[in-house]
Every structure is written in structure tokens, then in C-alpha cells.
């Protein structure tokens with residue numbers, strides 16, 4: 001089974017292109033959407049499965065509800 005896993009951030013046009021392009025070679029699309037940005041700012045979820053009904057049997061939607069662990073000391077190294 002082939003899985004295509006990716007992060008979603010309200011890019012419906014890109015998602016539509018991706019789904020149509022890979023539909024014949026991918027068994028499942030794993031779409032992960034976070035409730036926080038990478039910098040920890042809360043955000044609303046925007047993914048709407050009804051916009052992609054044609055692919056609903058192939059989509060596994062994973063809303064991710066956890067804040068990122070931010071360690072500023074790590075960002076200053078290297």
C-alpha cells in the first residue's frame with residue numbers, strides 16, 4: 001500500500017492538484033492539519049472533506065492538536 005503523507009495549511013488549490021496527480025498511484029492520502037503554527041500560534045482548522053468528495057475514500061484526515069515545543073536555546077545553536 002502506498003501512502004502520501006503531508007501537512008495541510010489551507011492550500012486547497014495545491015491539494016486539488018496533488019490529489020488529481022497522484023490518485024492513480026497512491027492508495028491513501030494522509031492529510032495532517034495542526035491547530036497551532038510552527039511558532040505556537042493557535043489557528044483554526046480549514047480542511048473540508050466535501051471539497052474533495054471524489055477522493056474521500058482515499059483520504060485519512062488527521063487533525064493534530066498539540067502545541068509545538070519551542071526551545072529558543074536550541075534555535076541559537078549551530
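Numbering (UniProt numbering), first residue to last: 1 to 78. The C-beta atom is built at its ideal place from N, Cα and C for all residues, glycine as well.
* Asked: Hey, how far is the Cα of residue 7 from the Cα of residue 66?
  -> Translated into positions along the chain shown, residue 7 becomes position 7. Translated into positions along the chain shown, residue 66 becomes position 66. Straight-line Cα distance between these residues: approximately 14 Å.
* Asked: residue 33 and residue 63 look like a contact to me (Cβ under 8 Å); what is the Cβ gap, rounded to whole Å?
  -> On the chain shown, residue 33 is found 33 positions in, with the first residue counted as 1. On the chain shown, residue 63 is found 63 positions in, with the first residue counted as 1. About 6 Å; that satisfies the 8 Å criterion.
* So, residue 26 versus residue 2, is the Cβ gap smaller than 8 Å? -> For the purposes of this step, residue 26 is taken as residue 26 along the chain shown, with counting starting at 1. For the purposes of this step, residue 2 is taken as residue 2 along the chain shown, with counting starting at 1. Against a cut-off of 8 Å, the Cβ pair of residue 2 and residue 26 comes out as a contact.
* To do: Might you give, ordered along the chain, the residues of its own chain that have their beta carbon closer than 7 Å to the beta carbon of residue 47, omitting 5 neighbours on each side?
  => Here the question's residue 47 lines up with position 47 in the chain shown. Hits under 7 Å: 8, 31, 33, 61.
* Asked: Quick one: what does DSSP say residue 28 is sitting in, helix, strand or coil?
  -> Position 28 of the chain shown, counted from the start, is the residue given in the question as residue 28. If DSSP states are grouped into helix, strand and coil, residue 28 belongs with the strands.
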